[in-house]
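Just so we're aligned: the sequence shown equals residues 711 to 1138 in the working numbering.
So the structure is just underneath, and the comments pick up after that.
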Amino acid sequence: MCVAAIPPPPARLTRRGILAGAAALAGTVAAAGTAGATAHEAAAGGDRTAGARGGHLVIRNGTLLDPATGEVTEDAVVVIRDGTVRAAGRQGSVAVPRDAEVLDAHGRWILPGLVDAHIHLSTAAEARDAVRKGATSARSGSTSFYQDIAVRELARHSPGLAPRLTAAGVFVTPDLGETVLADPDLTPLARLREGVRSAEALRRVVEVNLARGADVIKTRVNERAGLPEQDPLTQVYSHEQLAEIVAAARRGGKGVLCHSYSEQGCHDAVTAGIRSLEHGAFVGERTLHVMRRRGTYFTPTLTAIAGLAESANPVLAERGRSYLPVLKRAVLAAHELGVPLAAGTDSSGGTVRPIGREVELMRAAGLPALDAIRTATTGAARLLGVERTVGRLARGFAGDAILVDGDPLADVSVLQRPVTVVRAGTAV
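Structure below.
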């Protein structure tokens, strides 16, 4: 059985209701009128952060690290106005406004806010926790009822409450489960005996996501590692099905991130044209070479796999113990081949892991400290398409920063425990 080829309602007619409903699920206070205004701004191609004015702040007396160049500036000053960096450099070379609020970073290192390129944020509490743990920007790995789109809107109007978010909407997966109730246009899929597998059904889920304002599409090629009853090496979508998803996303100008584990699944996903490979524990050298040629990103989510090893469930614990060393070797091989890497924690279920932990695991996999830091700054920013505003503390970039006790180039673990987080020019 196939879904009737009826186009989803126009985004302008539907986003207000969807955002209001998702806001209620997320525990946010995003008003329907605000969501409507944001839809209008997006349709007009305007600045999507125009609804919020950032803070004014001067950070001084710390040691500034620029991940892009590796340059270290001692006795540094960062001037943030209206949430944007206006100047950064050595004290004495930067004009400091006389009436500015000052954050003294004496004895601490200053870095740009970090990017979590794979996180599931379903509530306002989770969004706040992510920011406080250093993730001032993020990419959603999907939510069940469009909560991530509401979190994105919350971030645009109240930056201190949520990371700047690239939203994925709902998962394109064979069995939608309760997610079929996320939108009325998905409910016809409930009658499909084989689930979301036909070209029409795959396109429908992508089209509904695009109509609801998703920034990226999330799908899978393998079953889940975090469910003991599933085999993460079992493939659920073919190359042809994945190509259908990628084509539908591209028609809407969006990329695709793909949950993957097996080598054949990884290869099918990459050659189908995905933008980033998620997890990818058993990705092989042949696929890594294709990723390098295509510029496909690798988001290994080492934190999530390491977390499995700590599970009370013996099946999951064994998976974590056996997968983690394999994944670390894949990460190092990817790095040595020149495959772009991005840091992501895959946090979900109310537990937000610090993105600094993923950087630490990248370092443990064999990356030099600076390159590990880049996976959560400049590298992840490029994946999200925000490399001109995120990942550095330089003129014109977002006024997002973290202050840490200690030299992250000597010990990246300090990134797990930011002393202060600044979001859009305001300490949170």
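Cβ coordinates follow ideal geometry from the N, Cα and C atoms, glycine included.
Remember, it's a predicted structure, so these values are computed and weren't measured experimentally.
If you follow the beta strand (DSSP E) that K928 is part of, which residue opens it and which one closes it?
For the purposes of this step, residue 928 is taken as residue 218 along the sequence shown, with counting starting at 1. Run containing K928: I927 to R930, per the beta strand (DSSP E) assignment.
Simplified DSSP assignment, three categories, for A760
Counting from 1 along the sequence shown, the entry for residue 760 is found at position 50. Reliability of the predicted coordinates at A760 is poor, the pLDDT of 40 falling under 50, and no value is obtained from them.
Is V1138 helix, strand or coil by DSSP?
As a working note, residue 1138 is residue 428 in the sequence shown. In the structure shown, V1138 sits in coil (DSSP, three-state: anything other than H, G, I, E or B).
Can you tell me whether D1110 is buried or exposed? The criterion is at least 16 other CB atoms within 10 Å of its CB, across all chains shown.
Counted from its first residue, the sequence shown places residue 1110 at position 400. Here D1110 is buried, its C-beta having at least 16 other C-beta atoms within 10 Å.
N- and C-terminal bounds of the beta strand (DSSP E) containing H828:
Taking the first residue of the sequence shown as 1, we reach residue 828 at position 118. Per DSSP, H828 belongs to the beta strand (DSSP E) from L824 to I829.
Can you give me the Cβ contacts of T981 inside the same chain, cut-off strictly under 7 Å, excluding the 5 residues immediately before and after it?
Numbered from its first residue, the sequence shown carries residue 981 at position 271. Counting only Cβ-Cβ distances below 7 Å, and skipping sequence neighbours, we find H949 and V1000.
By Cβ distance below 8 Å, which residues in the same chain neighbour S852 in space, the five residues on each side in sequence not counted?
The count along the sequence shown starts at 1 and reaches residue 852 at position 142. The residues are H830, D858, A878, G879, V880, F881 and K928.
Anyone know if the C-beta pair for V679 and A1082 falls short of 9 Å?
In the structure displayed, the chain extends from 711 to 1138; residue 679 sits before or after that span and is not available.
Cβ pair L1103, P822 closer than 9 Å:
Reading the sequence shown from its first residue, position 393 is the one you call residue 1103. Reading the sequence shown from its first residue, position 112 is the one you call residue 822. In terms of Cβ geometry, L1103 and P822 form a close pair [threshold 9 Å].
Would the stretch 961-973 count as touching the stretch 919-934 if we require 3 or more Cβ pairs under 8 Å?
Yes, they touch.
For G844, list the residues DSSP reports as bridge partners.
Mapped onto the sequence shown, residue 844 falls at position 134. Checking the DSSP bridge columns, you'll see G844 has no partner listed.
Roughly how far, in whole angstroms, is the beta-carbon of R796 from the beta-carbon of R1105, given that I think they are within contact range, below 8 Å?
Start at 1 with the first residue of the sequence shown, and residue 796 comes out as number 86. Start at 1 with the first residue of the sequence shown, and residue 1105 comes out as number 395. The C-beta separation of R796 from R1105 comes to about 6 Å, placing the pair in contact by the 8 Å criterion.
Nearest candidate by alpha-carbon position, reference P1024, set I820, R1004, Y1007 and G936:
Start at 1 with the first residue of the sequence shown, and residue 1024 comes out as number 314. Ranking I820, R1004, Y1007 and G936 by Cα distance to P1024 puts G936 first.
With a cut-off of 8 Å, do at least 3 Cβ pairs link the stretch 984-998 to the stretch 1030-1043?
Proximity of the stretch 984-998 to the stretch 1030-1043 meets the contact definition, three or more beta-carbon pairs being nearer than 8 Å.
Residue interval of the beta strand (DSSP E) (run including T1023)
By one-based count along the sequence shown, residue 1023 stands at place 313. Correcting the residue type first, residue 1023 is Asn in the shown sequence and not Thr. Unbroken run through N1023: none, as it is neither H nor E.
Nearest to L875 (by Cα), restricted to the options I984, V825 and A786
Walking along the sequence shown from the start, residue 875 turns up at place 165. Among I984, V825 and A786, the Cα nearest to that of L875 is on V825.
How is R874 classed by DSSP in three states: helix, strand or coil?
The sequence position of residue 874 within the sequence shown is 164, counting from 1. Of the three classes helix, strand and coil, the one that applies to R874 here is strand, per DSSP.
Just verifying my parser: in three-state terms, what is the DSSP assignment at D785?
Along the sequence shown, read from residue 1 onward, the residue named residue 785 stands at position 75. In this structure, D785 counts as strand in the three-state DSSP scheme.
Give every residue of the same chain whose Cβ lies closer than 6 Å to the Cβ of L1077, excluding the five residues on either side of it in the sequence, and list them in chain order.
Here residue 1077 corresponds to residue number 367 of the sequence shown, with the count starting at 1. Closer than 6 Å at the Cβ level, and outside the excluded window around L1077, lie H1045.
A742 in three-state terms, based on DSSP
Here residue 742 corresponds to residue number 32 of the sequence shown, with the count starting at 1. Because the pLDDT at A742 is just 34, under 50, the model does not fix this residue reliably, and the value given afterwards should be weighed accordingly. For A742, the secondary structure class from DSSP, reduced to helix, strand or coil, is helix.
Residue range of the beta strand (DSSP E) that includes R934:
The sequence position of residue 934 within the sequence shown is 224, counting from 1. That residue, R934, is in no beta strand (DSSP E); it is neither H nor E in DSSP.
Which residue from T833, A1086 and I984 puts its Cα closest to that of A865?
As a position in the sequence shown, residue 865 is number 155, starting the count at 1. Closest option to A865, Cα to Cα, is T833.
I'd like the list of long-range same chain contacts for A815, defined as Cβ closer than 6 Å, with 5 residues on each side in sequence excluded.
Taking the sequence shown and counting its residues from 1, the one referred to as residue 815 is at position 105. Cβ within range, chain order: I769, N771, G772 and L1113.
Whose C-beta lies closer than 6 Å to the C-beta of T883 among residues of the same chain, with five residues either side of it excluded?
Residue mapping note: residue 883 aligns to position 173 of the sequence shown, counting from 1. Contacts found: R930.
Can you list, in chain order, the residues of its chain whose CB lies under 6 Å from that of G756, leaving out five sequence neighbours each side?
The residue you call residue 756 lines up with position 46 of the sequence shown. Bear in mind that the predicted position of G756 carries a pLDDT of just 33, short of 50, making it too unreliable to give a figure here.
Between which two residues does the alpha helix (DSSP H) harbouring A797 extend?
The residue you call residue 797 lines up with position 87 of the sequence shown. The continuous stretches of alpha helix (DSSP H) do not include A797, which lies in the beta strand (DSSP E) extending over residues T794 to R800.
Can you list the alpha helix (DSSP H) stretches of 4 or more residues lying completely in the stretch 1009-1094, in chain order?
Whole alpha helix (DSSP H) segments, 4+ residues: 1012-1018, 1024-1047, 1065-1074, 1079-1084 and 1088-1094.
With burial defined as no fewer than 16 other Cβ atoms inside 10 Å of the residue's Cβ, what is the status of R849: buried or exposed?
As a first step, residue 849 must be located in the sequence shown, where it is residue number 139. Buried, because 16 or more other Cβ atoms sit within 10 Å of the Cβ of R849.
Chain B within 9 Å of T794, Cβ atoms only:
Going by chain labels, chain B is absent from the structure shown, which holds only one protein chain.
State the Cα-Cα distance for the pair T1006 and V782, rounded to the nearest angstrom.
Counted from its first residue, the sequence shown places residue 1006 at position 296. Counted from its first residue, the sequence shown places residue 782 at position 72. Roughly 30 Å separates the two Cα atoms.
In angstroms, rounded to a whole number, what distance separates the CA positions of V1100 and T1087?
Within the sequence shown, residue 1100 is the residue found at index 390, counting from 1. Within the sequence shown, residue 1087 is the residue found at index 377, counting from 1. Approximately 7 Å, taken between the alpha carbons.
Could you tell me the distance, in whole angstroms, from the CA atom of D941 to the CA atom of D839?
Position 231 of the sequence shown, counting from 1, holds the residue named residue 941. Position 129 of the sequence shown, counting from 1, holds the residue named residue 839. Here the C-alpha atom of D941 lies approximately 31 Å from the C-alpha atom of D839.
Taking only the alpha-carbon atoms, compute the straight-line gap between H988 and C976 and give it to the nearest angstrom.
Reading the sequence shown from its first residue, position 278 is the one you call residue 988. Reading the sequence shown from its first residue, position 266 is the one you call residue 976. With the sequence shown as reference, residue 988 is identified as Glu, and His is not the correct amino acid for it. If you take the alpha carbons of E988 and C976, they lie about 9 Å apart.
Would you mind stating whether D1115 and R818 have Cβ atoms separated by less than 9 Å?
Locating residue 1115 in the sequence shown gives position 405, where the first residue counts as 1. Locating residue 818 in the sequence shown gives position 108, where the first residue counts as 1. Taking the C-beta atoms as reference points, R818 is found nearer than 9 Å to D1115.
Sheet register partners of A1111 (DSSP bridge)
The sequence position of residue 1111 within the sequence shown is 401, counting from 1. A1111 is bridged to P822 and V1132.
Can you tell which of G793, S803, G799 and V789 has the C-alpha that lies nearest to the C-alpha of D812?
Numbered from its first residue, the sequence shown carries residue 812 at position 102. Before going further, note that residue 812 is Val rather than Asp in the sequence given. It is V789 whose Cα lies nearest to the Cα of V812.
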